[in-house]
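Novice: Pasting a structure here, questions to come.
Residue numbers (my numbering): 23 to 874.
In structure tokens:
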């Protein structure tokens, strides 16, 4: 090579070296910025995020403890929010570990990755333990509470480890940074000196220049070896990640945010959970993941995930899937959205799904047990080993009056009534502390101070180590049972007294008549001397007629009980006696007859008296019938000649009108009036006779009682009322006044009532009111302001031929038949008649028709 060419070559090489030196300087600055950014990323992002995880876990734990103390649902909700934030930051920490700190540098540390993965696992475990602890109200299992605290401590320890590890990484990066800066600076200076050296010495030091090129080649070879090492490390990381994913208890996925949840990546565990291989799910090749979600849960899954995407938050949810074999499984899913850096739009969803069917079944079983305890009819109390109350059900509150807030943390001695001595409770505690169950009755005191009896069963509950951890007491209120037992004892004593001293015979016999039990009265009735004597006879032999006994048994077997069965028995000496018997058939649980038991009353004398009464009654009825027939006949015989007399008096009065003096003319009027009075009396006697002898026949028809009866009476008696200067009104307060009645008897009812009202009202008014009562029954009130009826006479008001000595019978005409007839006519028309009256103030008769 010529010298000029060498110079040209050296010059070109010099410029290249100068350019290379500049590049080295630029690389030094750029690398400094990268390493500085990475250090800032480690100290700022990673350490800050790790601190947030630890802080929010501590806040969640604090709120869980607060809810345990005050039972606040708000504290529980706040705790869940803090735990969600902690899990979010743990996920963020895991993602930011791999995020570029500056250009292409990232924190690539396998130990840190494993620590972060373990942190997420602990967070999931802590969430699960917290959920179970809240469902059991922090009370049912102390072992669960210990596990919860232990998990929290493990979380804190893991957070501290991660923080320390990040600190060590930071120190290592600072050291690397210092070494790199120094090396690059030195390297740049060397290149500068080499450039100058080459420029001035190239001509004479070709060998040296060649060695420099060789050094550059060596440097390039080192760079190539470094690149090869980086690729190997990347492959190792990918291997570890794949192993980690395969070892997770569930499937990892990446999918599109659409209704089919189209999978872009699914880990191999998908076949264990869904029954489908990853290739079956990716790009919906065989089935879309959205199609295996249970139909009833699809909308819920969509809404929860879309809300989380909208709020840019992670999501967690529980739902059902239908596996490839058709089995329904419960799964738990946690995931988050992946968003583009350019426009922050959702790109995909990434998450984790695991099978929780067994856990769900256990939770359901636990909830069922808890609900069963809460809904139990008996009071249930759970205490710790020292006796402090941890949990009660609602039946305890109902039994004692104490609410859970009032007794949790207290000793059951708050129920101590003071009835039992110290030895009683020492025996109870010695029994249960020895591991045995105590059962007994105890008298306790309610919150209100009242005492009650309870039957209590106390059972020790041991932990996994076999040591007593809790006591469960089941309490039953037996106050009423104790009262019933006391009453039963008292009743037995009373029954024994009644049994021995009863005035009637009491017995128990077998179905075929063998005497099992007989009281002294029965023995005496039948003429025996002792039970030993009567138990050897058969009851069927005591019946005078065997057919009567047969009929008695048939009726008793059919109905199960019989009352007032009368029959003829015979005594020991054969003397007959009348018996009234009541009995019942006692059967066993299968319906088989066990025995008869009943009572026997000797009614021999009573039967004789009844026979005498029957004879006397028949005689009296015959006499009454003869009397009624006589009255009817006599009334007819009197009425016929009286009509003749009245007719001739009227003729004589007309013939002698104007020919006799006024006194004689008035005499004719008196005779006529008194004759009519006798005729009315005879008419009433005939009516009463017809009713008593059963000769009256009704002719019912539908009539308007207002128009056809009451208005006519009002017109008929208006003149008499006007003559006495009293008001006489009629009021119709209801339009429906039509009834099915016997017209004649209905007229007679109100004729007698209105006649009496006007007759016995010297002044004031008489009023007829027709209306319907709340039962919609038609009634008629006859109201007067007359002399009234005394309370003493009320019981005889409807008795024929009776009159009150004062008031109605003094200075007033009357024969005592009007109200008696009105009452009987009311009975004929299915009407009730009631009266209210006050002496000197007036009377109100109400007739209510019940036949509608």
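Glycine included, every Cβ here is placed at the ideal spot set by N, Cα and C.
Specify, as a first and last residue, the run of the alpha helix (DSSP H) that residue 776 falls within.
Specialist: If you number the chain shown from 1, residue 776 lands on position 754. For residue 776, the uninterrupted alpha helix (DSSP H) run begins and ends at 765-781, by DSSP.
Novice: Does the stretch 487-504 come into contact with the stretch 588-599, if we say contact requires no fewer than three beta-carbon pairs (one atom in each stretch) closer than 8 Å?
Specialist: no
Novice: Tell me the start and end of each unbroken beta strand (DSSP E) in the stretch 369-414 that is at least 3 residues and wholly inside, in chain order.
Specialist: As summarised for the stretch 369-414, the continuous beta strand (DSSP E) elements at least 3 residues long and confined to that stretch are 401-406 and 411-414, given in chain order.
Novice: Once you ignore the five residues that flank residue 13 on each side, which residues in its own chain have a CB closer than 7 Å to its CB?
Specialist: The shown model of the chain, from 23 to 874, leaves out residue 13, and the question about it has no answer.
Novice: My understanding is that residue 375 touches residue 273, with C-beta atoms under 8 Å, so please give their C-beta distance in whole angstroms.
Specialist: Translated into positions along the chain shown, residue 375 becomes position 353. Translated into positions along the chain shown, residue 273 becomes position 251. Rounded, the Cβ-Cβ distance is 5 Å, consistent with contact.
Novice: Let me know the secondary structure DSSP gives residue 441 once reduced to three states.
Specialist: Position 419 of the chain shown, counting from 1, holds the residue named residue 441. Looking at residue 441 - three-state DSSP - the assignment turns out to be coil, as it is neither helix nor strand.
Novice: Excluding the 5 residues preceding and the 5 following residue 178 in the sequence, name in chain order all residues of the same chain whose CB lies nearer than 7 Å to its CB.
Specialist: Taking the chain shown and counting its residues from 1, one reaches residue 178 at position 156. Excluding sequence neighbours, residue 178 sits near 76.
Novice: For residue 387 and residue 156, I'd like the C-alpha separation in whole angstroms.
Specialist: Along the chain shown, read from residue 1 onward, the residue named residue 387 stands at position 365. Along the chain shown, read from residue 1 onward, the residue named residue 156 stands at position 134. Answer to the nearest angstrom: the Cα atoms are 15 Å apart.
Novice: Flag this pair as yes or no: are the beta carbons of residue 725 and residue 775 separated by less than 8 Å?
Specialist: Along the chain shown, one-based indexing puts residue 725 at 703. Along the chain shown, one-based indexing puts residue 775 at 753. At the C-beta level, residue 725 and residue 775 stay beyond 8 Å of one another.
Novice: Could you check where the alpha helix (DSSP H) with residue 732 kicks off and where it finishes?
Specialist: Within the chain shown, residue 732 is the residue found at index 710, counting from 1. It is not in any alpha helix (DSSP H) - residue 732 carries neither H nor E in the DSSP assignment.
Novice: Could you tell me how far apart the beta carbons of residue 497 and residue 616 are, in whole angstroms, since I believe they sit closer than 8 Å?
Specialist: As a working note, residue 497 is residue 475 in the chain shown. As a working note, residue 616 is residue 594 in the chain shown. Contact doesn't hold; Cβ gap of about 37 Å is too wide.
Novice: How about residue 623 and residue 602: are their beta carbons less than 8 Å apart?
Specialist: The residue labelled residue 623 in the question sits at position 601 within the chain shown. The residue labelled residue 602 in the question sits at position 580 within the chain shown. Against a cut-off of 8 Å, the Cβ pair of residue 602 and residue 623 comes out as a contact.
Novice: On the DSSP bridge assignment, give the partners of residue 848 in chain order.
Specialist: By one-based count along the chain shown, residue 848 stands at place 826. Residue 848 is not bridged to any residue.
Novice: Tell me the DSSP secondary structure of residue 357 in three-state form.
Specialist: Taking the first residue of the chain shown as position 1, residue 357 is located at position 335. Three-state result, residue 357: strand.
Novice: So if DSSP puts residue 479 in a beta bridge, which residue, or which two residues, is it bridged to?
Specialist: The residue labelled residue 479 in the question sits at position 457 within the chain shown. Bridge partners of residue 479: 461 and 496.
Novice: On the premise that residue 483 lies in contact with residue 495, defined as a C-beta separation below 8 Å, what is that separation, rounded to the nearest angstrom?
Specialist: Translated into positions along the chain shown, residue 495 becomes position 473. Translated into positions along the chain shown, residue 483 becomes position 461. That belief does not hold up - the Cβ atoms of residue 495 and residue 483 are roughly 11 Å apart, past 8 Å.
Novice: Quick check on residue 202: does DSSP put it in helix, strand or coil?
Specialist: Counted from its first residue, the chain shown places residue 202 at position 180. DSSP places residue 202 in helix when its eight states are reduced to three.
Novice: If I measure Cβ to Cβ from residue 531 and keep anything under 7 Å in the same chain, skipping five residues before and after, which residues do I get?
Specialist: For the purposes of this step, residue 531 is identified with residue 509 of the chain shown, where counting begins at 1. For residue 531, same chain residues with a beta-carbon under 7 Å away, outside a window of 5 residues either side, are 537, 538, 561, 617 and 618 in chain order.
Novice: Would you tell me roughly how many angstroms separate the C-alpha atoms of residue 437 and residue 151, rounded to the nearest one?
Specialist: Position 415 of the chain shown, counted from the start, is the residue given in the question as residue 437. Position 129 of the chain shown, counted from the start, is the residue given in the question as residue 151. Residue 437 and residue 151: Cα-Cα distance of roughly 35 Å.
Novice: Tell me the residue span of the alpha helix (DSSP H) that contains residue 570.
Specialist: The residue labelled residue 570 in the question sits at position 548 within the chain shown. Run containing residue 570: 568-581, per the alpha helix (DSSP H) assignment.
Novice: What is the rounded straight-line gap between the Cα of residue 584 and the Cα of residue 604?
Specialist: For this step, residue 584 is matched to residue 562 along the chain shown. For this step, residue 604 is matched to residue 582 along the chain shown. Taking the straight line from one Cα to the other gives about 5 Å.
Novice: Taking its Cβ as the centre, do 16 or more other Cβ atoms sit within 10 Å of residue 823, making it buried, or is it exposed?
Specialist: Position 801 of the chain shown holds residue 823. Exposed, because fewer than 16 other Cβ atoms sit within 10 Å of the Cβ of residue 823.
Novice: Quick check: what's the CA-CA separation for residue 339 versus residue 193?
Specialist: For the purposes of this step, residue 339 is identified with residue 317 of the chain shown, where counting begins at 1. For the purposes of this step, residue 193 is identified with residue 171 of the chain shown, where counting begins at 1. Answer to the nearest angstrom: the Cα atoms are 40 Å apart.
Novice: In three-state DSSP terms, what is residue 615?
Specialist: Taking the chain shown and counting its residues from 1, one reaches residue 615 at position 593. Three-state DSSP puts residue 615 in a strand.
Novice: Output the distance between the C-alpha atoms of residue 311 and residue 324, rounded to the nearest integer angstrom.
Specialist: Here residue 311 is taken as the residue at index 289 of the chain shown, counted from 1. Here residue 324 is taken as the residue at index 302 of the chain shown, counted from 1. Taking the straight line joining both Cα atoms gives about 12 Å.
Novice: For residue 815, does the count of other Cβ atoms within 10 angstroms reach 16, so buried, or fall short, so exposed?
Specialist: Looking up residue 815 in the chain shown gives position 793. Result: buried.
Novice: Do residue 802 and residue 869 have their CB atoms nearer than 8 Å?
Specialist: Position 780 of the chain shown, counted from the start, is the residue given in the question as residue 802. Position 847 of the chain shown, counted from the start, is the residue given in the question as residue 869. Result yes, Cβ atoms of residue 802 and residue 869 sit closer than 8 Å.
Novice: Looking only at its chain, what residues have a beta carbon closer than 7 Å to the beta carbon of residue 468, apart from the 5 residues adjacent to it on each side?
Specialist: In the chain shown, residue 468 corresponds to position 446, counting from 1. Same-chain partners within the cutoff: 422, 423 and 474.
Novice: So, does the CB of residue 572 fall closer than 8 Å to a CB anywhere in chain D?
Specialist: Reference to chain D is not applicable here, since this structure consists of a single protein chain.
Novice: Evaluate contact between the stretch 329-344 and the stretch 301-308, counting only Cβ atoms and requiring at least three cross-stretch pairs below 8 Å.
Specialist: no
Novice: Answer with buried or exposed for residue 891, where buried requires no fewer than 16 other C-beta atoms within 10 angstroms of its C-beta.
Specialist: Residue 891 cannot be examined here, being either before or after the span of the chain that is shown, 23 to 874.
Novice: Under three-state DSSP, which class holds residue 859?
Specialist: Counting from one through the chain shown, the residue named residue 859 turns up at place 837. DSSP places residue 859 in strand when its eight states are reduced to three.
Novice: Please classify residue 739 as buried or exposed, where buried requires at least 16 other C-beta atoms within 10 Å of its C-beta.
Specialist: Along the chain shown, read from residue 1 onward, the residue named residue 739 stands at position 717. With 16 or more Cβ atoms within 10 Å of its Cβ, residue 739 is classed as buried.
Novice: Buried or exposed: where does residue 872 fall if 16 or more other Cβ atoms within 10 Å of its Cβ makes it buried?
Specialist: What you label residue 872 is simply residue 850 of the chain shown in a count that begins at 1. So residue 872 counts as exposed.
Novice: Go to residue 150, then tell me how far its beta strand (DSSP E) extends in each direction, as first and last residue.
Specialist: Here residue 150 corresponds to residue number 128 of the chain shown, with the count starting at 1. Premise fails: residue 150 lies in the alpha helix (DSSP H), 132-157, not in any beta strand (DSSP E).
Novice: Indicate whether residue 792 and residue 732 have their beta-carbon atoms separated by less than 8 Å.
Specialist: Position 770 of the chain shown, counted from the first residue, corresponds to residue 792. Position 710 of the chain shown, counted from the first residue, corresponds to residue 732. Yes.
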